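Peer 1: For what it's worth, the numbering used here labels the leading residue of the sequence shown as 2, then goes sequentially.
Idealized CB from N, CA, C, for every residue including glycine.
Given the structure is predicted, the values throughout are model-derived calculations rather than measurements.
Supplied in structure tokens, the structure appears directly below.
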Amino acid sequence: MFKKILVANRGEIARRIITVARGMGMQTVAVYSDADAQLPFVKEADEAVRIGPAPAKDSYLNVAALLEAAKQTKAEAIHPGYGFISENAEFAKTVAGHGITFVGPPPEAMLRMKDKSEARRLVAEAGVPIVPGSKDTIPDVATALSEAERIGYPVLCKAAGGGGGIGMAVANTPAELERVFRACVDRARAAFSRDTVYLEKYFAAPRHLEVQILGDLEGHTLHVLERECSIQRRHQKVVEEAGSPLFLDGQNAGVRQQLFDAGLKAAKAFGYANAGTVELLYSEGQVYFIEMNARLQVEHPVTELTTGVDLIGWQFRIAAGERLTLQQREITRTGHALEFRIYAEDPVKFFPSPGPLKVFQPPTGPGVRLDAGYAEGDVVTPNYDPMIAKLIVSGDTRAQAISRAKEALANFRIEGIKHNVPLHLRILESEAFVAGRLDTRFLEHHAKP
Ligand code: ADP
2 MFKKILVANR
12 GEIARRIITV
22 ARGMGMQTVA
32 VYSDADAQLP
42 FVKEADEAVR
52 IGPAPAKDSY
62 LNVAALLEAA
72 KQTKAEAIHP
82 GYGFISENAE
92 FAKTVAGHGI
102 TFVGPPPEAM
112 LRMKDKSEAR
122 RLVAEAGVPI
132 VPGSKDTIPD
142 VATALSEAER
152 IGYPVLCKAA
162 GGGGGIGMAV
172 ANTPAELERV
182 FRACVDRARA
192 AFSRDTVYLE
202 KYFAAPRHLE
212 VQILGDLEGH
222 TLHVLERECS
232 IQRRHQKVVE
242 EAGSPLFLDG
252 QNAGVRQQLF
262 DAGLKAAKAF
272 GYANAGTVEL
282 LYSEGQVYFI
292 EMNARLQVEH
302 PVTELTTGVD
312 LIGWQFRIAA
322 GERLTLQQRE
332 ITRTGHALEF
342 RIYAEDPVKF
352 FPSPGPLKVF
362 QPPTGPGVRL
372 DAGYAEGDVV
382 TPNYDPMIAK
392 LIVSGDTRAQ
402 AISRAKEALA
412 NFRIEGIKHN
422 VPLHLRILES
432 EAFVAGRLDT
442 RFLEHHAKP
């Protein structure tokens, strides 16, 4: 195992990785921007290196500074967490070129899934069902119109280099598509520096299901069951759970098997190793691949808590060349877990709400865990993602997890910023949530203030 690792991330995920690495006997190095110098993750690491000013492009995305920090501290491996440089194949290659291990998939696998349109083609060839859509990226409006005619309206225009729910646009008619297509291309160029886009059939109210994958460098690949992440705002996850209510009490066992088969086939088609997630939509009894994420997922704790599989631990072991000794049949779920993303934002308009955390008193209780990037007195700056913490609650049953979560959220005291704890409480009060009737447009219809 590595003697010393560097965490190329910040906030709650940096803390989590530091804790796991320390538990495995590794020395830890944090890197931080000027905006984060006082945060807990910097104090908790064995060493900390300043990598630049607040803007992410000058710090957490600054490849030269990250590499220099690793060399200076003699770190043998870099864990990227999620976001920032976690899906950057070039970064993975660069660090490998300097004899440092990237804790993630091989760069070739990352490149295969980077372009979402290419990824669709690759997995479809391997027999994975994909959302009906364009075979390729769409060069112009005329092609968009003819492809949409073939697919059938409504259609969704997506950036091939996209992520974070950014830049997607729905068109219900050809006239709308003409407008939407141009806007979609412009947004793709602005957000991802690539203007390639593609079309998918737009499902009215699908569920977002995903399969956790683990694979070693010798080609032993398995799945660590499913998560459901249908509660979203602006196509970004807000509440996640393991398992999906769709499959509670052995319901829809055939669909669940399709989901796992699709996840494993997709991972193998990409030549995947390390931890990754295959994302699918579920609509009218069928599952459809949308993308694979080449990294640890924000919501990985709900899987860890219900399966006992230490995903971050395995990321390190696999990166160090160890074989995945787990077998598929050993992976089973016990109980249920819910994760609530706590955002520093206006809970109605979803605008970020930076500021000082004058009061930050997380709840405690049976089955309650808090992964926070901040402590009371810290300042949430506007430089990064507004997620400040994750409240993760588990129970023997979904009903118990819900009831524990209600109590925990009701006792969570945050003052100084706007936040979405009240939204989470409303979600838990909603009859549809309790009944497990979830879809990606849930918040348009439920949990209104
Ligand atoms: P990103 O990579 O930007 O996160 P994804 O392709 O993973 O985008 O999709 C994010 C979310 O957008 C999904 O969870 C779902 O809510 C919505 N979405 C994506 N594709 C479709 C589709 N074809 N029909 C309906 N909703 C979709």
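Please confirm whether SER395 and ALA321 have their CB atoms less than 7 Å apart.
Peer 2: In the sequence shown, counting from the first residue as 1, residue 395 sits at position 394. In the sequence shown, counting from the first residue as 1, residue 321 sits at position 320. Cβ distance not < 7 Å, so SER395 and ALA321 don't count as in contact.
Peer 1: Mapping the DSSP letters down to three states, classify PRO106 as helix, strand or coil.
Peer 2: Within the sequence shown, numbered from 1, the residue matching residue 106 stands at position 105. In the structure shown, PRO106 sits in coil (DSSP, three-state: anything other than H, G, I, E or B).
Peer 1: Using DSSP bridges, identify the partner residues of LEU157.
Peer 2: Within the sequence shown, numbered from 1, the residue matching residue 157 stands at position 156. Answer by DSSP bridge pairing, in chain order: VAL171 and GLU201.
Peer 1: Mind checking who GLU292 pairs with in its DSSP beta bridge?
Peer 2: Mapped onto the sequence shown, residue 292 falls at position 291. Looking at the DSSP assignment, GLU292 forms a beta bridge with GLU280.
Peer 1: Which parts of the region 65-149 are runs of the beta strand (DSSP E), unbroken and 3 residues or longer, counting only runs that do not cross its ends?
Peer 2: With a minimum length of 3 residues, the continuous beta strand (DSSP E) runs that stay inside the region 65-149 are 78-80.
Peer 1: For the beta strand (DSSP E) holding LEU223, just list the boundary residues, first then last.
Peer 2: Your numbering for residue 223 matches position 222 in the sequence shown. Unbroken beta strand (DSSP E) run through LEU223: 222-234.
Peer 1: Which residue comes first and which comes last in the beta strand (DSSP E) that contains ASP372?
Peer 2: Mapped onto the sequence shown, residue 372 falls at position 371. ASP372 -> beta strand (DSSP E) spans 369-373.
Peer 1: Go to GLN213, then tell me how far its beta strand (DSSP E) extends in each direction, as first and last residue.
Peer 2: Position 212 of the sequence shown, counted from the start, is the residue given in the question as residue 213. Note, GLN213: beta strand (DSSP E), 208-216.
Peer 1: Among the residues of its own chain, which have a CB less than 6 Å from the CB of SER87, if the five just before and after it don't count?
Peer 2: Counted from its first residue, the sequence shown places residue 87 at position 86. Contacts found: PRO81 and ARG296.
Peer 1: Please list, in chain order, all residues of the same chain as TYR203 whose beta carbon is under 7 Å from its beta carbon, the five residues on each side excluded.
Peer 2: The count along the sequence shown starts at 1 and reaches residue 203 at position 202. PRO155, VAL156, LEU157 and VAL171.
Peer 1: Would you call the CB atoms of VAL104 and ALA78 closer than 7 Å?
Peer 2: Your numbering for residue 104 matches position 103 in the sequence shown. Your numbering for residue 78 matches position 77 in the sequence shown. Yes, these two residues count as a Cβ contact at 7 Å.
Peer 1: Secondary structure at LYS407, three-state DSSP: helix, strand or coil?
Peer 2: Against the sequence shown, residue 407 aligns to sequence position 406. Correct three-state label for LYS407: helix.
Peer 1: Should GLN233 go down as buried or exposed, given a rule of 16 or more other Cβ atoms within 10 Å for buried?
Peer 2: As a working mapping, residue 233 is identified with position 232 in the sequence shown. Classification of GLN233: buried, given that the 10 Å Cβ count is 16 or more.
Peer 1: Along the chain, where does the alpha helix (DSSP H) that runs through ILE52 open and close?
Peer 2: Within the sequence shown, numbered from 1, the residue matching residue 52 stands at position 51. Counting along the chain, ILE52 falls outside any alpha helix (DSSP H), though it belongs to the beta strand (DSSP E) covering 48-53.
Peer 1: For ligand 1, I want to know if ILE291 counts as a neighbour, meaning its beta carbon is within less than 6 Å of at least one of the ligand's heavy atoms.
Peer 2: Indexing the sequence shown from 1 puts residue 291 at position 290. Result yes, Cβ under 6 Å from ligand 1.
Peer 1: If we ignore side chains and look at the alpha-carbon of each, how far apart do GLU377 and ASP37 end up?
Peer 2: Numbered from 1 along the sequence shown, position 376 holds the residue referred to as residue 377. Numbered from 1 along the sequence shown, position 36 holds the residue referred to as residue 37. About 14 Å.
Peer 1: What first and last residue would you give for the beta strand (DSSP E) that runs through ILE14?
Peer 2: Walking along the sequence shown from the start, residue 14 turns up at place 13. Note, ILE14: premise wrong, no beta strand (DSSP E); alpha helix (DSSP H) at 12-24.
Peer 1: Looking at the secondary structure, which residues open and close the beta strand (DSSP E) in which GLY314 lies?
Peer 2: Locating residue 314 in the sequence shown gives position 313, counting from the first residue. Careful: GLY314 lies outside any beta strand (DSSP E), inside the alpha helix (DSSP H) at 312-320.
Peer 1: On the premise that VAL279 lies in contact with MET293, defined as a C-beta separation below 8 Å, what is that separation, rounded to the nearest angstrom?
Peer 2: Within the sequence shown, numbered from 1, the residue matching residue 293 stands at position 292. Within the sequence shown, numbered from 1, the residue matching residue 279 stands at position 278. About 5 Å; that satisfies the 8 Å criterion.
Peer 1: What residues are listed by DSSP as bridge partners for ALA243?
Peer 2: Position 242 of the sequence shown, counted from the start, is the residue given in the question as residue 243. Answer is ALA338.
Peer 1: For VAL225, which of GLY309, GLU201, VAL186 and VAL239 has the nearest alpha-carbon?
Peer 2: Counting from one through the sequence shown, the residue named residue 225 turns up at place 224. Ranking GLY309, GLU201, VAL186 and VAL239 by Cα distance to VAL225 puts GLY309 first.
Peer 1: Apply the 10 Å Cβ neighbour rule to ASP250 and answer buried if 16 or more other Cβ atoms are within range, or exposed otherwise.
Peer 2: The count along the sequence shown starts at 1 and reaches residue 250 at position 249. That one is exposed.
Peer 1: Could you check if GLN39 is buried or exposed, using at least 16 other CB atoms within 10 Å of its CB as the buried criterion?
Peer 2: As a position in the sequence shown, residue 39 is number 38, starting the count at 1. Looking at its Cβ environment, which holds fewer than 16 other Cβ atoms inside 10 Å, GLN39 is exposed.
Peer 1: Three-state secondary structure (DSSP) at THR29?
Peer 2: As a first step, residue 29 must be located in the sequence shown, where it is residue number 28. Note: THR29 maps to strand in three-state DSSP.
Peer 1: Could you please give me the residues that DSSP links to PRO357 through a beta bridge?
Peer 2: Sequence index remark: in the sequence shown, residue 357 carries index 356 (1-based). BP columns for PRO357 point to VAL380.
Peer 1: Relative to the alpha-carbon of LEU178, which residue among PRO383, VAL198, GLY165 and LYS4 has its alpha-carbon at the smallest distance?
Peer 2: As a first step, residue 178 must be located in the sequence shown, where it is residue number 177. Residue VAL198 is the option with its Cα nearest to LEU178.
Peer 1: Can you list, in chain order, the residues of its chain whose CB lies under 6 Å from that of PHE341, leaving out five sequence neighbours each side?
Peer 2: In the sequence shown, residue 341 corresponds to position 340, counting from 1. Same-chain partners within the cutoff: VAL240, LEU392 and HIS425.
Peer 1: Ligand 1 heavy atoms versus the CB of THR479: any closer than 6 Å?
Peer 2: The requested residue 479 is not part of the displayed model; the chain covers only 2 to 450.
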